[in-house]
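Residue numbers (our numbering), protein chains in the order written: chain A, 1 to 449; chain B, 1 to 68.
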């Protein structure tokens, strides 16, 4: 670790992070009206959308009016892009010459969506990440390693700039392979890193098996920020990573079209704070669309980025599903908490044999079973009129002798936690696909055959 | 501002002072940009300052009217 300077404040912006929620709400409504007017006046796409719904910016006077504004979905953005102003189409709210950054979505759910940002937007990206990294204990004493490909996906780009903004020393692990990254982290005594949970687990595996390095014992990393997949909010996955690295693991939630809208703090309250300073996040009932304000019901996450200007994100249907936590966080932030992080995506949560299932629930079971490897795959098919679900797993080589016990335990836990029976397939260790970003472990083949 | 330790608290008056300085930086940066015609080295750096000023406004200026 770099030398400690002095005790640092607890919050990136103590004024807004501890403000009573009702005042935060007033601030959000003011900013919502501002970004709505901005988009209405500058983007044909937004103006048409709102005119068709009979909405003018002046119609929004209170928090209750926000839900009257039509939602935007990713598919709508796909339709307008690759047209003038090329390549973004008419959701662009600034002259093309003011766009300084290009990124695109990963394409996991379809054709990638382009994301233009101005320099101000890019500062805003770093600002949103600065809130989250500061809440996770990043300080100017940290040397942060980014084992990330630095490409057209936004991923950890903003984390890099936010860490710089906080004053950390940033080491870009760009084109190095996994072994070289681990050795560089060891050589430089990196204290923190950011990566997907899948990659972090894979790195630990490579360190032990190929380099004889035990990350918890031989490396200096004591905090890890995960993104890209829900793993770091799944207790059994978080536990595996924390044990492998001897580090605290923190989750964050965001998207290219939205920004980094939620984060776990050092208190690890069993959920993610919404960044209420920069985003207005609402949960909508999955069936009725009613806004959910309290705990106890899961809803679809609809988000407005309150200060993003080049291609505004107003009432974006993220397809994420979440639930509000009951208790405030002991960290003192008034920002609301998404209980257990995002529990799934509305297009992933599906009925199998009549039971509503989120793939994250299956991950929680697999990763909680001692003796199973980190990788797994879920395949849902139809056999006649009946759904059929297969779970592919690997058993750790050292645990083969316990195979029968492990599989019995797995079946019991799956039945208990998901109310479903599975065909379990054990595959040779290291044979299931390994992912660096955006793992695709859930395959629903019922429609595609 | 519940949750803050006393020594971290800032008075409303101090926050207003911050806001006054932020407004002054915005004005100065905009003037710099206008004066910089023909000197990209000044105009483009003024643009970058203005982007950072916007972050100060998000953190302080926008929030100020919502404090007691």
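The C-beta atom is built at its ideal place from N, Cα and C for all residues, glycine as well.
- Here the C-alpha atom of residue 97 of chain A lies approximately 23 Å from the C-alpha atom of residue 27 of chain B.
- The DSSP-derived three-state label of residue 183 of chain A is helix.
- Rounded to whole angstroms, the gap between the alpha carbons of residue 373 of chain A and residue 364 of chain A is 13 Å.
- Taking CB atoms only, residue 15 of chain B has a neighbour in chain A less than 8 Å away.
- Taking CB atoms only, residue 31 of chain A has a neighbour in chain B less than 8 Å away.
- The DSSP assignment places complete alpha helix (DSSP H) segments of no fewer than 4 residues inside the stretch 104-156 of chain A at 119-135, in order along the chain.
- DSSP places residue 174 of chain A outside both helix and strand once states are collapsed to three, so it counts as coil.
- Here the alpha carbon of residue 376 of chain A sits roughly 29 Å from the alpha carbon of residue 297 of chain A.
- From the beta-carbon of residue 51 of chain B, the residues of chain A found nearer than 9 Å are 118, 119, 120, 121, 122, 123, 124.
- Per DSSP, the unbroken alpha helix (DSSP H) holding residue 46 of chain B starts and ends at 40-56.
- Listed in chain order, the beta strand (DSSP E) runs fully inside the stretch 393-429 of chain A are 423-427, counting runs of at least 3 residues.
- Residue contact check for residue 366 of chain A against chain B: no CB pair falls below 8 Å.
- Taking a beta-carbon distance threshold of 8 Å, residue 97 of chain A does not count as an interface residue toward chain B.
- Residues of chain A whose Cβ lies closer than 7 Å to the Cβ of residue 27 of chain B do not exist; the shortest such Cβ separation is about 17 Å.
- The beta carbon of residue 413 of chain A sits closer than 8 Å to the beta carbons of 365, 368, 369 from its chain, once the five residues preceding and following it are set aside; these are given in chain order.
- Taking a Cβ-Cβ threshold of 7 Å, the residues of chain A close to residue 48 of chain B are 119, in chain order.
- Taken through DSSP and simplified to helix, strand or coil, residue 62 of chain B comes out as coil.
- Within the same chain, and ignoring the five residues on either side of residue 396 of chain A in sequence, the residues whose Cβ sits closer than 8 Å to its Cβ are 371, 372, 373, 429.
- Identification of residues in the stretch 21-45 of chain A having a C-beta nearer than 7 Å to some C-beta of chain B yields 23, 26, 27, 31, given in sequence order.
- When Cβ pairs closer than 8 Å are counted between the two stretches, the stretch 217-231 of chain A is seen to touch the stretch 193-204 of chain A, the count reaching three or more.
- According to the DSSP assignment, residue 83 of chain A belongs to no alpha helix (DSSP H), since it is labelled neither H nor E.
- Rounded to whole angstroms, the Cβ separation of residue 379 of chain A and residue 443 of chain A is 5 Å, and the two are in contact under 8 Å.
- With respect to the 8 Å criterion, residue 256 of chain A and residue 104 of chain A are classified as neighbours on the basis of their beta carbons.
- Shortest Cα-Cα distance from residue 63 of chain B to any of A:110, A:354, A:277 involves A:277.
- DSSP, reduced to helix, strand and coil, places residue 58 of chain A within a helical segment of the structure shown.
- Under a 10 Å Cβ-count criterion, residue 151 of chain A is classified as exposed, with fewer than 16 other Cβ atoms of the shown protein chains found around its own Cβ.
- Chain B has no Cβ within less than 8 Å of the Cβ of residue 187 of chain A.
- DSSP, read as helix, strand or coil, puts residue 261 of chain A in strand.
- Put simply, of A:20, A:65, A:47 the residue whose alpha carbon is nearest the alpha carbon of residue 29 of chain A is A:65.
- In the pairwise beta carbon analysis, the stretch 75-87 of chain A is classified as touching the stretch 107-120 of chain A: at least three pairs are separated by under 8 Å.
- The beta carbon of residue 126 of chain A sits closer than 7 Å to the beta carbons of 158, 161, 162, 165 from its chain, once the five residues preceding and following it are set aside; these are given in chain order.
- If you draw a straight line from the Cα of residue 58 of chain A to the Cα of residue 40 of chain B, it comes to about 39 Å.
- Remark: three or more beta-carbon pairs, one from each stretch, lie closer than 8 Å, so the stretch 119-134 of chain A and the stretch 259-279 of chain A are flagged as touching.
- With three or more CB-CB distances shorter than 8 Å, the stretch 313-330 of chain A counts as touching the stretch 249-264 of chain A.
- Remark: C-beta atoms of residue 305 of chain A and residue 93 of chain A do not approach each other more closely than 8 Å.
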